[in-house]
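Numbering (our numbering), first residue to last: 31 to 323.
Every residue, glycine too, gets a C-beta built ideally from N, C-alpha and C.
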Ligand code: ASP
């Protein structure tokens with residue numbers, strides 16, 4: 031049984047094929063390859079983009095989609111997560127897309143079911159479909175030429191599953207990463223790090239800004255996010271006229287992560303990421319569901 035728990039679940043050739051499929055879905059109406067297939071979305075944490083992106087992706091390929099309303103589900107009545115998963119599995123889905131606040135939950139669930147599990151974000155651990163869509167967006171932007179490209183990942187890196195997945199994935203495709211954050215947001219790492227954006231701003235081709243993951247902080251770290259913004263907000267003033275591709279996985283804290291002017295600047299690719307996300311998730315659903323028979 032194939033699952034997508036981390037980006038390491040896919041080999042380089044498999045990612046290439048996935049991106050080829052995603053590209054074709056952007057170019058022409060997709061074939062209904064998943065007709066009569068059932069995809070369940072099971073989100074124990076909030077989501078706007080990821081859940082709707084997976085659901086739209088599955089529907090575009092002709093699959094049936096059921097969303098389990100966790101707030102009203104039996105887990106709220108005390109059923110264990112694994113019993114919930116086993117019961118859903120008994121209904122014969124081809125895939126379950128899971129998001130959970132605890133790292134490792136999608137993996138644990140994958141051991142109790144016989145359908146593909148897609149990790150749609152588990153704690154601060156991983157968000158593989160986001161990293162894949164980020165890489166896909168970067169590759170398209172640079173027309174496939176990633177040789178020597180440098181990216182600064184800026185913000186609450188330690189608590190960000192998006193950063194963690196990108197840190198694993200992007201170097202496999204030759205990208206050089208610098209982490210930019212205040213000391214308490216920096217993970218232990220062998221990567222290049224700095225606390226000052228200005229140290230790298232003249233050298234990077236891409237900036238990936240992140241949201242401060244306040245829901246994962248045991249206690250408030252900043253008295254106000256404005257203090258953080260004064261050093262790390264990606265503003266038009268800071269970027270100037272440099273040719274830098276700007277990314278963010280969303281949701282964006284406006285004028286904290288990125289200012290209004292940069293959000294509407296053509297160098298900002300946030301909506302491009304969202305658009306590409308549907309195509310990449312289509313390709314991932316197709317790959318795993320059809321591989322599992
Ligand atoms: N949407 C992304 C996630 O689920 C990023 C974020 O929430 O800041 O991790």
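Can you tell me whether residue i sits near the ligand ASP, meaning its C-beta is under 8 angstroms from at least one heavy atom of the ligand?
{"i": "residue 111", "result": "no"}
{"i": "residue 36", "result": "no"}
{"i": "residue 160", "result": "yes"}
{"i": "residue 100", "result": "no"}
{"i": "residue 280", "result": "yes"}
{"i": "residue 80", "result": "yes"}
{"i": "residue 240", "result": "yes"}
{"i": "residue 243", "result": "yes"}
{"i": "residue 192", "result": "yes"}
{"i": "residue 151", "result": "yes"}
{"i": "residue 157", "result": "yes"}
{"i": "residue 77", "result": "yes"}
What number of angstroms, rounded off, separates the C-alpha of residue i from the C-alpha of residue j?
{"i": "residue 239", "j": "residue 54", "result": "28 angstroms"}
{"i": "residue 182", "j": "residue 33", "result": "29 angstroms"}
{"i": "residue 39", "j": "residue 45", "result": "10 angstroms"}
{"i": "residue 150", "j": "residue 230", "result": "31 angstroms"}
Identify every residue that forms a DSSP beta bridge with residue i.
{"i": "residue 126", "result": "70, 147"}
{"i": "residue 209", "result": "183, 223"}
{"i": "residue 94", "result": "68"}
{"i": "residue 239", "result": "184"}
{"i": "residue 51", "result": "Beta-bridge pairing links residue 51 to no other residue."}
{"i": "residue 288", "result": "264, 284"}
{"i": "residue 152", "result": "130, 156"}
Mark residue i as exposed unless 16 or more other C-beta atoms lie within 10 angstroms of its C-beta, in which case mark it buried.
{"i": "residue 101", "result": "exposed"}
{"i": "residue 226", "result": "exposed"}
{"i": "residue 214", "result": "exposed"}
{"i": "residue 327", "result": "Any property of residue 327 remains undetermined from this structure, which presents the chain solely from 31 to 323."}
{"i": "residue 43", "result": "exposed"}
{"i": "residue 294", "result": "exposed"}
For residue i, verify whether its CB is less than 8 angstroms away from any heavy atom of the ligand GDP.
{"i": "residue 307", "result": "Of the ligands one can find in the structure shown, namely the ligand ASP, none is the ligand GDP."}
Fill in: the stretch 134–146 in contact with the stretch 112–120 per 3-pair CB rule at 8 angstroms
yes
Worksheet item: If you pair each beta-carbon of the stretch 261–270 with each one of the stretch 301–317, do three or more pairs fall below 8 angstroms?
Response: no
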